[in-house]
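There are 2 protein chains.
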Amino acid sequence: MNSAPLGIFDSGVGGLTVVRAVQELLPSEDILYLGDTARLPYGSKSPETIRHFADEDVRFLISKGVKAIVVACNTATAHALPQLREQYRIPILGVIEAGVEAALADERSERIGIIATRGTIRSHAYQHALALRRTGLMIHPQAAPLLVPLIEENWIDHPATRAVLKTYLDPLVEKGIDTLMLACTHYPLLIPVLREMLPDDVRLVDSATTCAEHLKRELTALELLKDANFEGGLQLYLTDLSEEFEALARQFLKRSPGRIQRAILGA
Amino acid sequence: MNSAPLGIFDSGVGGLTVVRAVQELLPSEDILYLGDTARLPYGSKSPETIRHFADEDVRFLISKGVKAIVVACNTATAHALPQLREQYRIPILGVIEAGVEAALADERSERIGIIATRGTIRSHAYQHALALRRTGLMIHPQAAPLLVPLIEENWIDHPATRAVLKTYLDPLVEKGIDTLMLACTHYPLLIPVLREMLPDDVRLVDSATTCAEHLKRELTALELLKDANFEGGLQLYLTDLSEEFEALARQFLKRSPGRIQRAILGA
Numbered sequence: 018m019n020s021a022p023l024g025i026f027d028s029g030v031g032g033l034t035v036v037r038a039v040q041e042l043l044p045s046e047d048i049l050y051l052g053d054t055a056r057l058p059y060g061s062k063s064p065e066t067i068r069h070f071a072d073e074d075v076r077f078l079i080s081k082g083v084k085a086i087v088v089a090c091n092t093a094t095a096h097a098l099p100q101l102r103e104q105y106r107i108p109i110l111g112v113i114e115a116g117v118e119a120a121l122a123d124e125r126s127e128r129i130g131i132i133a134t135r136g137t138i139r140s141h142a143y144q145h146a147l148a149l150r151r152t153g154l155m156i157h158p159q160a161a162p163l164l165v166p167l168i169e170e171n172w173i174d175h176p177a178t179r180a181v182l183k184t185y186l187d188p189l190v191e192k193g194i195d196t197l198m199l200a201c202t203h204y205p206l207l208i209p210v211l212r213e214m215l216p217d218d219v220r221l222v223d224s225a226t227t228c229a230e231h232l233k234r235e236l237t238a239l240e241l242l243k244d245a246n247f248e249g250g251l252q253l254y255l256t257d258l259s260e261e262f263e264a265l266a267r268q269f270l271k272r273s274p275g276r277i278q279r280a281i282l283g284a
Numbered sequence: 018m019n020s021a022p023l024g025i026f027d028s029g030v031g032g033l034t035v036v037r038a039v040q041e042l043l044p045s046e047d048i049l050y051l052g053d054t055a056r057l058p059y060g061s062k063s064p065e066t067i068r069h070f071a072d073e074d075v076r077f078l079i080s081k082g083v084k085a086i087v088v089a090c091n092t093a094t095a096h097a098l099p100q101l102r103e104q105y106r107i108p109i110l111g112v113i114e115a116g117v118e119a120a121l122a123d124e125r126s127e128r129i130g131i132i133a134t135r136g137t138i139r140s141h142a143y144q145h146a147l148a149l150r151r152t153g154l155m156i157h158p159q160a161a162p163l164l165v166p167l168i169e170e171n172w173i174d175h176p177a178t179r180a181v182l183k184t185y186l187d188p189l190v191e192k193g194i195d196t197l198m199l200a201c202t203h204y205p206l207l208i209p210v211l212r213e214m215l216p217d218d219v220r221l222v223d224s225a226t227t228c229a230e231h232l233k234r235e236l237t238a239l240e241l242l243k244d245a246n247f248e249g250g251l252q253l254y255l256t257d258l259s260e261e262f263e264a265l266a267r268q269f270l271k272r273s274p275g276r277i278q279r280a281i282l283g284a
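Top to bottom, those sequences are chains A and B. Per our numbering, residue 18 is the first one in the first sequence, and the count goes up by one each step. Per our numbering, residue 18 is the first one in the second sequence, and the count goes up by one each step.
Written out as structure tokens, the structure is:
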């Protein structure tokens, strides 16, 4: 048992979909969230730059006394997780492994589409993790760089979002995918429109839910869970504060984010 | 006469539209360009953060020995120019003043639309500058945050871009604007599609061309022009290097950017 908070970080507020999933599954855990809104997005930047940013994010969370860290950003997981695990002793979990296990939980999964940022697709992290676990899979990666900006505008139902999704999804549907991995923590907000646009038999696997389940198993195994009699709280840190980020945080959390504090990294 | 290079900076590669315009007008000037690609975009972030970033950008250019600086980013001009001018002795020009003068060069301009990032619109920098110079104007600002991501994908002709533009432009057309200010250095790439979507009598005023003309007048007045017998060169620095940024740089410059160097700021 360990009553220190969990640390969760993302390039921005998209990782709050992971926070919500963790709060549902582990309601007694305290969570300290860091969103690097001053330098977002991560998805279009180079592996070297992302590793530098992720390292500063982890250092900040460790300085706040967290007991474990979740990299709630697919791009940061793809580029930086192996290095972070080597460098720090604290347990650090990413979003990719859990997502891949969930995608393959259905024995019939054969043709798997992946939508993600360009950085995540380029890293081949999902493609490798899938291929390692099951041979003979058909894997269809699709970089989808415009989805994050559209979601951040809350244009979920706008004709432009459908036009963009059509361009990204048509080639996957033509390939006959049976599973679509939403490999970016922003994408769970698109689930209703994806359901509408995709054939009924395509299964959606999202990072947020699968990551929370993975975290619960890990914390249980490491005996790091907090006493379940207390209700957990959330502390939110962002590297840049603005009205838009507060509004977005509310949208991703589906409730008020409380008081947001400004984090200064690399100090 | 002064043969030191000009410094030009932007959050990313959009400011290369200004470089192109300056090269056309002042072909003998050497230009040192800095794009803060590691931390882009600036348009959605807070004034405080933008002032901090712009200060680091200016320090970098000064350390390279430039004779004058152009802030080739509307958001940075809007939030940081007054402070930068106070803090540094070197001549520093923004993109707003020149654009406003160009918009008002036509005596008949009365109803002026402005499209820009959310940060630029929020700053009221254009609205104030216009209102100071001519009374009785009808000013219609429109934040257009999705245009930069679409332009960076080179989806100029995509149905999604038209759907996004329709949402941004319809309210301006309904107000009967006679002038549209393209108040972001990315937007000149949209001119062909804007011409198609707007009534014929709407005049377009873009930041890049007007800024280059303003720069020429200022350098002439300050006797800072270089000997016109030499051909100028371009040195390109980015804070994050990637294949996408190189491809984008080519698109904005309309020719090869040459060797791009990585800049480390705040060192």
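Ideal placement from N, C-alpha and C gives every residue a C-beta, glycine not left out.
Going along the chain, which residues of its own chain have a beta-carbon closer than 7 angstroms to the beta-carbon of residue i, five neighbours each way excluded?
i, result
"A:Ala-21", "Gly-82, Val-83 and Lys-84"
"B:Asp-235", "According to the sequence shown, residue 235 of chain B is Glu rather than Asp. So the qualifying residues of the chain are Pro-108 and Leu-110."
"A:Leu-221", "Leu-197, Leu-199, Ile-208 and Leu-211"
"B:Gly-250", "Asp-47"
"A:Phe-262", "Val-30, Thr-54 and Leu-255"
"B:Leu-57", "Ser-28 and Gly-29"
"B:Glu-258", "The question names Glu, but residue 258 of chain B in the sequence shown is Leu. Answer for B:Leu-258: Ile-277 and Arg-279, listed in chain order."
"A:Gln-100", "Arg-68"
"A:Ile-194", "Arg-128, Ile-129, Gly-130, His-157 and Val-219"
Got a sec? Which residues, its chain only, sit under 8 angstroms from residue i by beta carbon, not counting five neighbours each side?
i, result
"B:Glu-240", "Met-18 and Asn-19"
"B:Arg-102", "Ile-109"
"B:Ile-173", "Leu-167, Leu-206, Leu-207, Pro-209 and Val-210"
"A:Met-214", "Arg-179, Leu-182, Lys-183 and Leu-186"
"A:Lys-192", "Arg-128, Gly-130, Met-155 and His-157"
"A:Ala-177", "Leu-167"
"B:Asp-114", "A small fix is needed here, since residue 114 of chain B is Glu in this sequence, not Asp. Result list for B:Glu-114: Ala-146 and His-231, in chain order."
Say whether chain B places a C-beta atom closer than 8 angstroms to the C-beta of residue i.
i, result
"A:Glu-261", "yes"
"A:Glu-170", "yes"
"A:Asp-223", "no"
"A:Leu-42", "no"
"A:Leu-167", "yes"
Can you tell me whether residue i is buried or exposed, with buried defined as 16 or more other CB within 10 angstroms of its CB?
i, result
"A:Phe-247", "exposed"
"A:Pro-158", "buried"
"A:Thr-137", "buried"
"A:Glu-41", "exposed"
"B:Asp-217", "exposed"
"A:Asp-123", "exposed"
"A:Ser-80", "exposed"
Closest Cβ-Cβ distance between residue i and chain A: below 8 angstroms?
i, result
"B:Val-181", "yes"
"B:Leu-163", "yes"
"B:Pro-158", "no"
"B:Pro-176", "yes"
In chain order, what residues of the same chain lie with their CB nearer than 6 angstroms to the CB of residue i, ignoring the 5 residues before and after it?
i, result
"B:Tyr-254", "Leu-51, Gln-278 and Ala-280"
"B:Lys-243", "Ser-20, Ser-45 and Glu-46"
"A:Ile-131", "Tyr-143, Pro-158, Met-198 and Ala-200"
"B:Ala-38", "Ala-225, Thr-226 and Ala-229"
"B:Gly-291", "Lying before the first or after the last residue shown, residue 291 of chain B is absent from chain B, which here runs from 18 to 284."
"A:Gln-252", "Leu-49"
"A:Ala-17", "Residue 17 of chain A lies beyond the residue range present for chain A, which begins at 18 and ends at 284; the question has no answer from this structure."
"B:Phe-269", "Val-30, Leu-33 and Thr-34"
"B:Gly-275", "none"
Closer than 7 angstroms to a non-hydrogen atom of the ligand GDP - does that hold for the CB of residue i?
i, result
"A:Ser-61", "The model depicted lacks the ligand GDP and carries no ligand whatsoever."
(request) Examine the Cβ distances between the region 114-127 of chain A and the region 65-76 of chain A and report whether three or more of them are shorter than 8 angstroms. (result) Put simply, the region 114-127 of chain A does not touch the region 65-76 of chain A. Fewer than three CB pairs are less than 8 angstroms apart.
(request) Mind checking the region 56-74 of chain B against chain A and listing, in chain order, the residues whose C-beta falls within less than 7 angstroms of any C-beta there? (result) Per Cβ criterion, the list reads Arg-56, Ser-61, Lys-62, Ser-63 and Thr-66.
(request) Would you be able to state if there are at least three C-beta pairs under 8 angstroms between the region 182-191 of chain B and the region 181-196 of chain A? (result) The answer is no - the region 182-191 of chain B does not touch the region 181-196 of chain A, with fewer than three Cβ pairs under 8 angstroms.
(request) Taking 8 angstroms as the threshold, find out whether the region 224-235 of chain B comes into contact with the region 151-166 of chain B through three or more Cβ pairs. (result) At 8 angstroms Cβ cutoff, the stretches do not touch.
(message) For the region 125-144 of chain B, list every residue whose C-beta sits within 8 angstroms of some C-beta in chain A, in sequence order.
(response) Contacts with chain A (Cβ-Cβ distance below 8 angstroms) from the region 125-144 of chain B involve Arg-135, listed in chain order.
(message) Under 8 angstroms: do the region 147-159 of chain A and the region 127-136 of chain A share three or more Cβ pairs, one atom per stretch?
(response) Yes, the region 147-159 of chain A is in contact with the region 127-136 of chain A.
(request) Give, in chain order, every residue of the region 82-108 of chain B whose Cβ lies closer than 9 angstroms to some Cβ of chain A. (result) Within the region 82-108 of chain B, no residue has its Cβ closer than 9 angstroms to any Cβ of chain A.
(request) Please list the residues of the region 249-279 of chain A that have a C-beta atom closer than 7 angstroms to any C-beta atom in chain B, keeping them in chain order. (result) For the region 249-279 of chain A, which is checked against every Cβ of chain B, the residues closer than 7 angstroms are Asp-257, Leu-258, Ser-259 and Glu-261.
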